[in-house]
Structures are given as structure tokens and as C-alpha cells.
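Yeah, the sequence shown ends on 511 if you go by numbering that gives the first Met the number 0, and it's all consecutive.
Yeah, the Cβ is synthetic: ideal placement off N, Cα and C, and Gly gets one too.
Here is the structure we will look at, set down as C-alpha cells.
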Amino acid sequence: MTQQNSVPASAASETAGLLARLGVPASVLTGGSLVARSPITGEETARLKEVSPAEAKAAIDKAHEAFLAWRKVPAPRRGELVRLLGEELRAHKAELGRLVTLEAGKVTSEGLGEVQEMIDICDYAVGLSRQLFGLTIATERSEHRMMETWHPLGVVGVISAFNFPVAVWSWNAALAFVCGDSVVWKPSEKTPLTAIAVQALFEKAAAKFGPEAPAGLSTLLIGGREIGEALVDHPKVPLVSATGSTAMGRQVGPKLAQRFARAVLELGGNNAAIITPSADLDLTLRGVAFAAMGTAGQRCTTLRRLFVHESVYDAFLPRLKAAYGSVTVGDPRAEGVLVGPLIDQGAYLAMQKALVDARDAGGVITGGERVSADAADGAFYVRPALVEMGRQADVVLRETFAPILYVMKYSTFEEAVALQNDAPQGLSSSVFTNDMREAERFISGEGSDCGIANVNIGPSGAEIGGAFGGEKETGGGREAGSDSWKAYMRRATNTLNYGKTLPLAQGVKFDV
Ligand code: UN1
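In C-alpha cells form, the structure reads like this:
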């Protein structure tokens with residue numbers, strides 16, 4: 000049975016109150032041209048001033064000046080600033096999490112969870128600030144030493160998407176700050192308010208830290224596409240980390256390559272799960288439900304393709320359909336709601352188009368219809384869609400950023416892995432199995448070709464400790480944990496001669 004919430008209450012007045020508590024003056028929220036909205040009701044929440052490309056360029060120049068000062072501050076001391084940022088986030092987790100709910104439409108636990116990811120990466124970066132190690136390498140020459148050192152890189156540009164409006168900045172920024180870099184952030188036009196709140200919290204932390212944190216260390220640029228371009232084109236930005244569509248990455252990647260800047264690209268995902276004959280179906284059901292319907296299908300790690308072994312298909316599908324029918328869709332602030340709104344009408348229309356294409360390709364659809372339209376006509380709530388497909392048609396191979404799960408049958412494990420790897424994207428993947436050989440094969444070099452390959456958990460909800468990112472059309476970038484920090488620094492190889500002779504490498508003789 001379709002359950003839904005009653006009329007959503009105003010989101011605008013609560014937004015203003017939260018921003019005030021997060022340290023954002025009311026004057027910021029009016030008089031501009033960028034209209035901020037809450038997807039919960041569709042109502043306008045602010046009109047923000049946008050920077051011009053010339054102002055963006057000047058701000059990037061200033062960020063470069065900030066970098067020149069910041070790189071001189073010892074790394075563990077830089078870590079102290081990030082520790083203070085983490086403290087601000089802890090102290091304001093409830094308000095910021097709620098603002099994420101209001102602006103991005105995430106249910107309460109996911110809004111709070113996003114802020115928790117920010118806190119976690121701050122903790123991680125604080126530890127890292129004392130572990131920016133290089134290697135000492137055996138040299139072929141006597142009385143020599145060879146080593147590598149890691150140095151601050153410069154201004155790091157961050158372009159983020161609406162679906163993780165604040166966490167993505169923090170995965171980049173917390174690392175960049177401890178690495179000795181300054182950060183310039185262009186958030187999604189769909190979620191500027193959460194970015195403004197985070198910048199206010201950063202400024203509080205920087206004020207506590209003191210004058211060693213230069214002005215311009217963290218800069219927020221509110222604006223549209225041309226502001227992103229200003230970041231991508233500026234010669235003083237050696238690294239841009241961009242999260243968004245593959246189409247966006249195709250524009251950004253070549254421009255950065257043209258000027259030999261680094262790119263961390265976090266683009267589309269078309270994540271799959273394989274349900275094998277030995278899978279624990281209770282656990283699998285929970286894993287699939289969260290990964291496919293959570294965040295209203297708007298994570299880049301959302302589960303979009305499900306391959307079910309023919310021997311368990313008939314046992315599993317009715318249970319999955321029941322979960323799709325009973326999940327509560329509605330106001331994400333309400334207790335018990337698991338699926339909030341789509342971000343906007345564009346997302347809704349893209350979902351409907353994909354469902355038409357899926358039907359044309361022979362898909363049998365359960366759900367997918369709009370709900371609560373009469374309660375808030377500017378808001379777009381949908382029942383998540385389950386689409387049984389006979390084959391992996393074109394529509395299945397493209398990423399539609401909405402809660403659509405395509406379900407297909409398979410016969411052999413090899414076939415399932417091949418189907419999973421057949422998508423142009425390569426972000427996240429999982430297998431549900433209790434067969435050790437299948438599990439190991441899936442995560443082996445011959446298994447999943449994705450940046451994330453999981454066993455007995457869904458593809459979404461990654462922890463910050465691992466490197467986050469994917470292959471192929473996902474862009475190849477890695478953020479957050481493991482050794483991702485190395486992208487935010489430059490490496491120098493140093494050879495030191497402590498002897499009185501000058502032996503040349505490779506046995507070369509050059510005696511003058
Ligand atoms: C994204 O959707 O842009 O793995 C990132 C996850 C999150 C990150 C998603 N930690 O679902």
C-alpha cells in the first residue's frame with residue numbers, strides 16, 4: 000500500500016532560523032539573483048548574490064596568496080585548524096544536518112549522517128597531518144641518500160553536487176588544509192545555503208585558530224557554470240576536484256589536461272549488485288532496499304542494476320516488491336519517512352523519461368509514480384521504481400539520477416560479472432554471496448571493474464577511511480581516505496651526496 004505524508008509544512012522560515020544559528024547573517028539571504036529552494040515544498044528560501052567571473056578570478060588570486068602563507072605553517076599545526084573545524088561541526092551537527100534535510104531533501108538520519116562524514120574526515124585529516132610521510136629509497140651510489148618529500152600543492156578547486164552538498168567539500172578540504180593548500184569551493188546552484196553555513200563554521204574555526212590562518216584560505220564562490228569555468232581555467236589552480244555528471248567531466252577533464260592541471264573527477268555511477276544462490280536473502284533485502292531507495296536514489300553510489308540468480312529470483316522478487324510498496328515516501332523531516340523528495344522537476348522528468356524508455360524496451364514497472372502532488376505542487380515526491388528487464392537495454396546502461404532499480408536474471412556467475420562490468424561507468428558494486436570462491440573472485444582482478452567492490456553490503460554508504468571514486472566514465476579520481484591525500488600535494492625526489500666524489504648514475508663517466 001502506498002503510504003505518504005500529509006501536507007509538508009513551510010521549509011523557508013525554518014531555513015532562515017537555522018542559518019542564523021549557524022552564524023549566517025540574514026542580509027546574505029536577500030537581494031541576489033540565485034534563487035534557493037527547498038525540494039520539500041518547492042518554496043523559495045533565499046535569493047543569493049552571485050559573484051562575477053572577474054570577482055571569482057580575484058578571489059582565486061587571493062586564495063593563491065593564502066596558499067603561499069599557509070604552506071609555511073607546519074603540517075601538525077595545520078591539523079589543529081582542521082581539528083577546530085571538526086569541533087564546530089560537532090557542536091552544530093543538529094543544525095547543519097537539518098539544513099541538509101531542508102535544502103537537499105535528505106531524511107533526518109541521512110542529513111545528520113552527512114555531517115558525521117564531515118566530522119569523520121576532519122578526524123582523519125588531523126591524524127594525517129602528522130603522517131604525510133615520504134619514502135627513503137635505496138640508491139645505487141655510495142655515500143648518497145635518496146628520498147621523497149611531499150610539499151603543499153597550491154589552490155585546490157572544489158566543484159560539488161547537490162546530493163552531498165557539504166560532505167564532498169569536506170573530503171577535499173580537510174585533506175587540502177592539512178596538506179598546506181588553500182581551497183576555493185563552487186557548490187551546486189541547487190544547494191548554496193548549506194555551503195554558506197559551512198563557510199561560516201570554517202570562519203569560526205579559523206578565528207579560534209588565530210592569525211596563522213590567512214584570509215582566503217577557504218573561499219566560497221556562489222554562482223553558476225561560468226564560476227566553475229573560472230576555477231577550471233585559472234592558471235593558479237593546480238588541482239580541481241569535481242563531482243557531477245559524466246557530461247560535466249567531459250568538459251572539465253580536457254580543459255584541465257590542456258593546462259596540465261590535475262583532476263579528481265567523481266562522475267556518474269551505474270552501480271550493480273549480484274544476488275547469488277547462496278545469498279542470505281534477509282540481509283540482501285535490507286542491503287538492496289537501502290542502496291536503491293535511500294536518498295531517493297540520488298547518490299552517485301545508488302544501486303541501479305540488480306542481477307538475481309534464476310534459482311532465487313522467484314523467492315526474492317516478491318519480497319523486494321513488497322519493500323518497494325511499503326517504504327514511506329514523504330516529508331523527509333517526518334519520523335519514519337525513508338524516501339524524501341527528488342531535488343527538482345528536472346529530476347522528476349528525467350525519471351519519467353527513463354521509465355518510458357524502459358517500458359519501450361520491454362521493462363515491467365512497479366512504482367515510479369508521483370505522490371503528494373496535490374500537497375506541494377512545486378515538490379516532486381515519487382514512489383521508487385522497480386523495473387524487471389529481460390536484458391540490459393540502453394536505458395539500463397545510462398545513469399538516471401532517480402530511484403529506479405532495473406532487475407535482471409542471470410544463470411552463471413561469470414555472466415553476472417560480465418553484465419555488471421558492461422556499464423560505461425565504474426564506481427561501485429557488490430555481490431551477495433556466502434560462497435567464498437564467488438566473493439573472492441568478485442573482488443579479484445578478474446571480478447568487478449569498479450573503484451568500490453563490496454561483499455554482502457550494498458554499493459552505497461562508503462566510509463571515509465577508504466579511497467572513494469571509480470573507473471571508466473566515473474572519472475578515475477579518488478577522494479577521502481587511504482593515500483588519496485597524495486593528489487593534494489606535490490612529490491619531490493631528493494638525492495643527497497654526503498661523500499667527496501661524484502659517482503654518476505648508470506655508471507656514466509664524465510671527468511672534466
Ligand atoms: C555521492 O553520492 O556523491 O558511499 C557520494 C556513499 C557516500 C558517498 C556518496 N559516502 O554513499
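**Report entry** Own chain partners of Gly16 with C-beta closer than 7 Å, once the 5 adjacent residues on each side are dropped
**Finding:** Position 17 of the sequence shown holds residue 16. Result list for Gly16: empty, nothing under 7 Å.
Query raised in the report: Does the region 87-99 come close enough to the region 190-207 that 3 or more CB-CB pairs lie under 8 Å?
Result: yes
Report task. Give the range of the beta strand (DSSP E) segment to which Ala271 is assigned. Result -> Sequence index remark: in the sequence shown, residue 271 carries index 272 (1-based). Counting along the chain, the beta strand (DSSP E) containing Ala271 begins and ends at Asn270 to Ile274.
Query raised in the report: Taking the runs of the beta strand (DSSP E) that are 3 residues or longer, which of them lie wholly in the region 199-233?
Result: 217-219, all fully within the region 199-233.
Query - Enclosing alpha helix (DSSP H) for Phe412 [first to last residue] - result: Position 413 of the sequence shown, counted from the first residue, corresponds to residue 412. First-last of the alpha helix (DSSP H) with Phe412: Phe412 to Asn420.
Query raised in the report: Phe259: buried (16+ other C-beta within 10 angstroms of its C-beta) or exposed?
Result: Sequence index remark: in the sequence shown, residue 259 carries index 260 (1-based). Answer is exposed; the Cβ neighbour count stays below 16.
**Report entry** Straight-line gap, Asp60 to Lys235 (C-alpha atoms, nearest Å)
**Finding:** Numbered from its first residue, the sequence shown carries residue 60 at position 61. Numbered from its first residue, the sequence shown carries residue 235 at position 236. Cα-Cα distance, rounded: 7 Å.
Requested in this report: Drop a sphere of 10 angstroms on the beta-carbon of Tyr497, count the other beta-carbons inside from all chains shown, and report buried for 16 or more, exposed for fewer.
Outcome: Counting from one through the sequence shown, the residue named residue 497 turns up at place 498. Answer is exposed; the Cβ neighbour count stays below 16.
**Report entry** Euclidean distance between Cα positions of Gly96 and Ala11
**Finding:** Mapped onto the sequence shown, residue 96 falls at position 97. Mapped onto the sequence shown, residue 11 falls at position 12. Approximately 16 Å, taken between the alpha carbons.
**Report entry** Inter-residue Cα distance where the pair is Asp269 and Ile342
**Finding:** The sequence position of residue 269 within the sequence shown is 270, counting from 1. The sequence position of residue 342 within the sequence shown is 343, counting from 1. Per the sequence shown, the amino acid found at residue 269 is Asn instead of Asp. Each residue's Cα considered, the two are about 19 Å apart.
Requested in this report: Can you have a look at Met117 and say buried or exposed, based on whether 16 or more other CB atoms are within 10 angstroms of its CB?
Outcome: One-based indexing of the sequence shown puts residue 117 at position 118. Met117 comes out buried.
Query raised in the report: From the DSSP output, which residues share a beta bridge with Ala240?
Result: Translated into positions along the sequence shown, residue 240 becomes position 241. Note on residue identity: the sequence assigns Ser, not Ala, to residue 240. Answer is Val157 and Val263, bridged to Ser240.
Query - Beta-bridge pairing of Ser427 - partner residues as DSSP gives them - result: Within the sequence shown, numbered from 1, the residue matching residue 427 stands at position 428. DSSP output for Ser427 lists Ile451 as bridge partner(s).
Query raised in the report: Taking the alpha-carbon positions, what's the His63 to Val154 distance?
Result: If you number the sequence shown from 1, residue 63 lands on position 64. If you number the sequence shown from 1, residue 154 lands on position 155. Going from the Cα of His63 to the Cα of Val154 covers about 6 Å.
Query raised in the report: Whose C-alpha, out of Glu54, Gly112, Val511 and Ala256, is nearest the C-alpha of Ile463?
Result: As a position in the sequence shown, residue 463 is number 464, starting the count at 1. Closest option to Ile463, Cα to Cα, is Gly112.
Query raised in the report: By Cβ distance below 8 Å, which residues in the same chain neighbour Gly252 in space, the five residues on each side in sequence not counted?
Result: Position 253 of the sequence shown, counting from 1, holds the residue named residue 252. Contacts found: Ala262, Leu264 and Gly474.
Query - Reference Val500; option with closest CA among Ala103, Leu98 and Glu142 - result: As a working mapping, residue 500 is identified with position 501 in the sequence shown. Position check: residue 500 holds Thr in this sequence, whereas Val was assumed. Selected option, being the one with the closest Cα: Glu142.
Report task. Return the residue from the list Tyr323, Val338 and Ala375 that minimises the CA-CA distance to Gln344. Result -> Here residue 344 refers to the residue found at position 345 of the sequence shown. Of Tyr323, Val338 and Ala375, the residue nearest in Cα terms is Ala375.
Query raised in the report: Can you give the Cα-Cα distance for Leu219 and Asp232, rounded to whole angstroms?
Result: Taking the first residue of the sequence shown as 1, we reach residue 219 at position 220. Taking the first residue of the sequence shown as 1, we reach residue 232 at position 233. Each residue's alpha carbon lies about 17 Å from the other.
Report task. Count the other C-beta atoms from every protein chain shown that fall within 10 angstroms of the C-beta of Gly389, then say buried if there are 16 or more, exposed otherwise. Result -> For the purposes of this step, residue 389 is taken as the residue at position 390 of the sequence shown. The residue is exposed, with fewer than 16 neighbouring Cβ atoms inside 10 Å.
Query raised in the report: If Val99 and Val165 are in contact, beta carbons under 8 Å, what's the gap, nearest whole angstrom?
Result: Working through the sequence shown from its first residue, we reach residue 99 at position 100. Working through the sequence shown from its first residue, we reach residue 165 at position 166. At roughly 6 Å, the Cβ-Cβ gap stays under 8 Å, so Val99 and Val165 are in contact.
Requested in this report: Could you check what DSSP says for Leu33 in three-state terms: helix, strand or coil?
Outcome: Within the sequence shown, numbered from 1, the residue matching residue 33 stands at position 34. It is a strand residue.
Requested in this report: Please name the residue, chosen from Val328, Thr148 and Pro237, that lies closest to Val183 on a Cα-to-Cα basis.
Outcome: Reading the sequence shown from its first residue, position 184 is the one you call residue 183. Out of Val328, Thr148 and Pro237, Pro237 has the C-alpha closest to the C-alpha of Val183.
Query - Collapsed DSSP secondary structure at Ser277 in the structure displayed - result: Along the sequence shown, one-based indexing puts residue 277 at 278. It is coil, neither helix nor strand.
**Report entry** Glu470 beta carbon near the ligand UN1 (any heavy atom closer than 7 Å)
**Finding:** Residue numbering aside, residue 470 sits at position 471 when the sequence shown is read from its first letter. For the ligand UN1, not one heavy atom lies less than 7 Å from the Cβ of Glu470.
Query raised in the report: Which residues does DSSP pair with Ala45 in a beta bridge?
Result: Here the question's residue 45 lines up with position 46 in the sequence shown. Among the bridge pairs identified by DSSP, Ala45 is matched with Ala35.
Requested in this report: Starting from His63, trace the alpha helix (DSSP H) both ways and give me its first and last residue.
Outcome: Reading the sequence shown from its first residue, position 64 is the one you call residue 63. First-last of the alpha helix (DSSP H) with His63: Pro52 to Trp69.
Query raised in the report: What residue from Glu102, Ala74, Ala35 and Val50 has the CA that sits closest to Asp330's CA?
Result: Locating residue 330 in the sequence shown gives position 331, where the first residue counts as 1. Of the candidates Glu102, Ala74, Ala35 and Val50, the one whose C-alpha sits nearest the C-alpha of Asp330 is Glu102.
Query raised in the report: On the three-state DSSP scale, how would you describe Val336?
Result: Position 337 of the sequence shown, counting from 1, holds the residue named residue 336. Here Val336 sits in coil by DSSP.
Query raised in the report: Quick one: what does DSSP say Met146 is sitting in, helix, strand or coil?
Result: For the purposes of this step, residue 146 is identified with residue 147 of the sequence shown, where counting begins at 1. Strand.
Query raised in the report: Under 8 Å between the Cβ atoms of Ala491 and Glu147?
Result: Here residue 491 refers to the residue found at position 492 of the sequence shown. Here residue 147 refers to the residue found at position 148 of the sequence shown. Yes, the Cβ-Cβ distance between Ala491 and Glu147 is below 8 Å.
Requested in this report: May I ask you to report which of helix, strand or coil DSSP gives Ser108?
Outcome: Within the sequence shown, the letter at position 109 stands for residue 108. DSSP places Ser108 in helix when its eight states are reduced to three.
Query raised in the report: How would you label Ser513, buried or exposed, when you count the other beta carbons within 10 angstroms and need 16 or more for buried?
Result: A question about residue 513 goes unanswered here, because the residues of the chain that appear run from 0 up to 511.
**Report entry** Inter-residue Cα distance where the pair is Thr14 and Val395
**Finding:** Mapped onto the sequence shown, residue 14 falls at position 15. Mapped onto the sequence shown, residue 395 falls at position 396. Spanning the two alpha carbons is a distance of roughly 37 Å.
Report task. Pick helix, strand or coil for Thr193, following the three-state DSSP scheme. Result -> The residue you call residue 193 lines up with position 194 of the sequence shown. Here Thr193 sits in helix by DSSP.
**Report entry** Nearest neighbour of Ala290, chosen from Glu398, Cys449, Ser447 and Pro402 [CA to CA]
**Finding:** Along the sequence shown, one-based indexing puts residue 290 at 291. The shortest C-alpha separation from Ala290 is found at Pro402.
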